[in-house]
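**Student:** What follows is a structure written as structure tokens; I'll ask about it next.
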Amino acid sequence: MKKFKPQPGFAVLAHKLALDPNATAERRLYSHAGGARAAYNWAVAYVTAVWWQRKAEQSYGIPEEELTAWRSWSLPSLRKAFNEDKRTSPRFAGWWEGNSKEAYNTGLAGASAAFDNYTKSKSGRRKGRTMGIPRFKSKRKARLACRFTTGTIRIEPDGHHVTLPRIGRVRLHENASHLRALADAGHMRILSATARLDRGRWFVSFQVEQKHELAKVARPDAAVGIDLGIKTLAVLADSDGVLGDEPNPRHLDRAQRQLRRASRIVSRRQGPDRRTGQQASKRWEKANQSRNKVHHRVANLREDTLHKMTTRLASEYGTIVVEDLNVAAMGRNRRLSRRIADAAFGEIRRQLTYKTRRRGTRLVVAGRWFPSSKTCSRCGVVKAKLPLSTRVFECDTCGLVLDRDANAGHNLVALAARTTGTGVAGDLDNAPVAESKPRGADRKTRTTRPRRKAQAGRAGGAIPSPRAGKETGDRQQDTRAQLALW
106 MKKFKPQPGF AVLAHKLALD PNATAERRLY SHAGGARAAY NWAVAYVTAV WWQRKAEQSY
166 GIPEEELTAW RSWSLPSLRK AFNEDKRTSP RFAGWWEGNS KEAYNTGLAG ASAAFDNYTK
226 SKSGRRKGRT MGIPRFKSKR KARLACRFTT GTIRIEPDGH HVTLPRIGRV RLHENASHLR
286 ALADAGHMRI LSATARLDRG RWFVSFQVEQ KHELAKVARP DAAVGIDLGI KTLAVLADSD
346 GVLGDEPNPR HLDRAQRQLR RASRIVSRRQ GPDRRTGQQA SKRWEKANQS RNKVHHRVAN
406 LREDTLHKMT TRLASEYGTI VVEDLNVAAM GRNRRLSRRI ADAAFGEIRR QLTYKTRRRG
466 TRLVVAGRWF PSSKTCSRCG VVKAKLPLST RVFECDTCGL VLDRDANAGH NLVALAARTT
526 GTGVAGDLDN APVAESKPRG ADRKTRTTRP RRKAQAGRAG GAIPSPRAGK ETGDRQQDTR
586 AQLALW
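Count the sequence shown with the numbering used here and you get residues 106 to 591, in order.
The following block contains the structure:
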């Protein structure tokens, strides 16, 4: 499938708006999101049933060419099989006509992408952590969402309502007249809409093709280095030598007393038990909802703090330098994991990435092994060791005494002068590197354990082709070359 390319002068953006649905609209939103979850579970069962069947047939000694044929998990194949099954299956026969086709297409597309990710992960073609076999989505824990790509999708002229297929007119919690004005002027075109239940509220996200207009930056020639931390959320050192900081509000720590109280109440109620099939009591549901409200408030406060900080930085500086932190590994520290998660270092970098791109400014990402804290910002000598407990940097060569976070900020902003292009990690010029002492942490020292290759005898062994099938548009694959997955 060809990737969508916006027309010249336009960019693909997203606008997230809060909904205020009435009882009828809310019931339809729940129905569409539930239909997407049901279609996803159907696709997972449809594909994996053949895997189990082939595994059983192999245990009986049936030859490879006589085994049950693979089922393709491409979206066209899943959509065709689902349309044939939904009219006769008692699971869908009574209610599938009440929802838009986009609800079921959302679930099928999600299942197809999940199987693709699993296949690419097992074969080493996908970066990141290893993806497991797609599992069924629980009714209680699944995130409810439905994506609309066809039908009537628009913002009403009054700016206070949106219209979605089969759901109808839904009131907005905020005024979106500015988006309607862009659409009327031809500067914005809606591509899709996604309704999602997030933190106890319904939202709609419009993916639009919008005319790209660069916003003016207050100091386009200035650069700033950002050193993220826990005690202070961010230490800012700009190219003029001015130091600043962003205090860490620690929203989760402040809410611990409320969370402990709410969790005690939940633990005293009769909750669900999957082993015995016990259903949650109404009092448990009410207490759990009260506890969730505390979590939702913490998440909203954190999101508001990070957006304000990143927007202010992106609108002031022409160059921003951040570190490529291994947040996943930092989160495994049992003493600091909660505070690291509350600081949301990865979210800060994500927001700075797209906000600098919108303004046409530059984001420089320092390499993961760049010794920002151990390098002297005056003479450039790198210390051999600098424990995390040492909060003041003292240079043995030039005698500089400075807070370690401020020293790291100065080194990061100095890195901006040695970078080129868009500032990808490692995109450095051939500038002289400061001589470091032995055992310096400016490079990776521990080798990574080689990954074991999947074998037929292990669970999740060789994987069939993700497009094995005869549906139009699918790639043909000889089933004899496919080995058992289990």
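Just so it is clear, CB atoms sit at the ideal spot from N, CA and C, and this is done for glycine as well. It should be emphasised that the depicted structure is a prediction, and the values quoted were computed from it without experimental measurement.
Residue range of the beta strand (DSSP E) that phenylalanine 253 falls in?
**Tutor:** Where phenylalanine 253 is concerned, the enclosing beta strand (DSSP E) stretches over 250 to 253.
**Student:** So, using beta-carbon positions, are alanine 298 and glycine 212 closer together than 9 Å?
**Tutor:** No, they are not a contact pair.
**Student:** List in chain order: all unbroken beta strand (DSSP E) runs of 3+ residues lying wholly within the stretch 416 to 468.
**Tutor:** 422 to 428
**Student:** Can you grab the Cα-Cα spacing for the pair alanine 342 / methionine 414, in whole Å?
**Tutor:** So the two alpha carbons sit approximately 15 Å from each other.
**Student:** Cα-Cα, which of Ala320, Glu207, Trp200 is closest to threonine 255?
**Tutor:** Glu207
**Student:** What runs of the alpha helix (DSSP H), each 4 residues or longer, lie entirely inside the stretch 190 to 259?
**Tutor:** DSSP runs (the alpha helix (DSSP H)) wholly in the stretch 190 to 259: 206 to 227.
**Student:** Answer with buried or exposed for cysteine 503, where buried requires no fewer than 16 other C-beta atoms within 10 angstroms of its C-beta.
**Tutor:** exposed
**Student:** Can you check whether the CB of valine 309 is closer than 9 Å to the CB of methionine 293?
**Tutor:** no
**Student:** Among residues of its own chain, excluding the 5 on either side of serine 136, which ones have a beta-carbon nearer than 6 Å to its beta-carbon?
**Tutor:** Asn204
**Student:** Can you tell me where the alpha helix (DSSP H) with glutamine 361 in it begins and where it stops?
**Tutor:** First-last of the alpha helix (DSSP H) with glutamine 361: 361 to 372.
**Student:** At a cut of 8 Å, does the stretch 469 to 481 reach the stretch 509 to 522 through at least three beta carbon pairs?
**Tutor:** yes
**Student:** Please report how far the alpha carbon of arginine 355 lies from the alpha carbon of asparagine 405, in whole angstroms.
**Tutor:** 13 Å
**Student:** Does the distance from the C-beta atom of valine 340 to that of aspartate 447 stay below 9 Å?
**Tutor:** no
**Student:** Would you decide whether leucine 319 is buried or exposed? Buried here means 16 or more other CB atoms lie within 10 Å of its CB.
**Tutor:** Taking all protein chains in view, the Cβ of leucine 319 is surrounded by fewer than 16 other Cβ atoms within 10 Å, so the residue is classified as exposed.
**Student:** Within 10 Å of its beta-carbon, does serine 344 have 16 or more other beta-carbons around it, so buried, or fewer, so exposed?
**Tutor:** Serine 344 counts as buried, since at least 16 other C-beta atoms from the protein chains shown sit within 10 angstroms of its C-beta.
**Student:** Can you find the residues in the same chain that come closer than 8 Å, C-beta to C-beta, to alanine 367, ignoring five residues on each side of it along the sequence?
**Tutor:** Ala392, Ser395, Arg396, Val399
**Student:** On the criterion of 16 or more Cβ atoms from any shown chain inside 10 Å, does threonine 550 qualify as buried, or is it exposed?
**Tutor:** Any reading at threonine 550 must be qualified, since the residue scores a pLDDT of 47, below 50, and its modelled position is unreliable; the value itself is stated next. Exposed is the call here.
**Student:** Taking the straight line between their C-alpha atoms, what separation do you get for leucine 364 and lysine 121?
**Tutor:** 28 Å
**Student:** Tell me which residues share the same chain as leucine 118 and place their Cβ nearer than 7 Å to its Cβ, disregarding the 5 neighbours each side in the sequence.
**Tutor:** Once the five neighbours on either side are set aside, the close Cβ partners of leucine 118 are Val313, Gln315.
**Student:** Would you list, in sequence order, the uninterrupted alpha helix (DSSP H) runs of no fewer than 4 residues that lie entirely inside the stretch 320 to 360?
**Tutor:** 356 to 359
**Student:** To which residues of the same chain is alanine 144 closer than 6 Å at the C-beta, ignoring the five residues directly before and after it?
**Tutor:** Tyr209, Gly212, Leu213
**Student:** Between threonine 458 and the rest of its own chain, which residues show a CB-CB distance below 7 Å, the 5 nearest in sequence each way excluded?
**Tutor:** The residues are Leu468.
**Student:** Roughly how far, in whole angstroms, is the beta-carbon of alanine 471 from the beta-carbon of leucine 520, given that I think they are within contact range, below 8 Å?
**Tutor:** The C-beta separation of alanine 471 from leucine 520 comes to about 6 Å, placing the pair in contact by the 8 Å criterion.
**Student:** What's the gap between the Cα of phenylalanine 220 and the Cα of alanine 198?
**Tutor:** 26 Å
**Student:** In chain order, what residues of the same chain have a beta carbon less than 6 Å from the beta carbon of methionine 236, not counting five sequence neighbours either side?
**Tutor:** Asn222, Tyr223, Ser226
**Student:** Glycine 514 lies in the alpha helix (DSSP H); which residues open and close that run?
**Tutor:** 509 to 520
**Student:** Of all the options Ala449, Gly382, Ala128, which has the alpha carbon lying nearest to the alpha carbon of threonine 337?
**Tutor:** Ala449
**Student:** In this structure, how does DSSP classify proline 187 when only helix, strand and coil are distinguished?
**Tutor:** Before going on, a small fix: residue 187 reads as phenylalanine here, not proline. Helix at phenylalanine 187.
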